[in-house]
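Using this note's numbering, the letters of the sequence shown correspond one by one to residues 454 to 553.
Every residue gets a Cβ at the ideal spot worked out from N, C-alpha and C, and that includes glycine.
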Amino acid sequence: MSITYNLTMIISIMLIFTVLFSIMIQMNHIIMMLLLFEKMALSIFIMIMYKSSLTSMNSMPLILFLTMSVCEASLGLAILVSIIRANGNDYVSSLFMSKF
């Protein structure tokens, strides 16, 4: 294992924990949470990419992961648009208010 591989894995793991910590702190806007989920998907993609480049791993898991990430992003944006149309804002707190 090279130093570059270890450094890349450490940076990717730190990015994942930073994103998880940011999600816990900044739970105000849905768009911010979606961006943080995309950042986490990017760091996981970097980890899988470096792992597959050092081993004789097939590139199919990379393509599958990218496909799932794109589907997750498009579904998240569709849900965000429907929430904004229904509530008028993208606050997470407005999702839990009952409209009687």
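- Distance from the CA atom of S465 to the CA atom of H482, rounded to whole angstroms, is 25 Å.
- Taking C-beta atoms as the reference points, K504 and V472 fail to come closer than 8 Å.
- A Cβ-Cβ separation of about 6 Å places I501 in contact with L515 under the 8 Å criterion.
- The alpha-carbon of S506 is positioned some 24 Å away from that of F490.
- Judged by DSSP secondary structure, T520 falls within the alpha helix (DSSP H) whose first and last residues are 513-540.
- At least 8 Å separates the beta-carbon of D543 from that of L528.
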